[in-house]
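In what follows, a structure is listed as structure tokens, so that the remarks can point back to it.
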Amino acid sequence: VELPANISIKEIAEKIIPLCNPATGLPFPLDLIDADISLDRRIAKTFADEVEARVLDENPKAVKDYFTGINPQKEE
Numbered sequence: 515v516e517l518p519a520n521i522s523i524k525e526i527a528e529k530i531i532p533l534c535n536p537a538t539g540l541p542f543p544l545d546l547i548d549a550d551i552s553l554d555r556r557i558a559k560t561f562a563d564e565v566e567a568r569v570l571d572e573n574p575k576a577v578k579d580y581f582t583g584i585n586p587q588k589e590e
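In the numbering used here, each number is its position in the sequence shown, counted from 1, plus 514.
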């Protein structure tokens, strides 16, 4: 955002901060869009689990060989 040099940061903050969601710090319109386009983490995990299962079904030895030296992923 470009602003004139004679405008103080405090003056801008006083006008912008009331328009932001205190939980996210995002302006409300952007926060609403972000909420609409975000995927639930469970959907992404379910998708990743399905991909892993299909890869293991196709060629389990290759997968085992590839991941032998890597630590398992931690569940969050």
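Even glycine gets a Cβ: it sits at the ideal position worked out from N, Cα and C.
- Taking 9 Å as the cut-off, the Cβ atoms of ILE526 and LEU533 do not count as close.
- Following the DSSP letters along the chain, one finds ALA537 in no alpha helix (DSSP H), marked with neither H nor E.
- Annotation: VAL565 to LYS559 spans about 10 Å, alpha carbon to alpha carbon.
- Here GLU528 carries a helix assignment [DSSP, helix/strand/coil].
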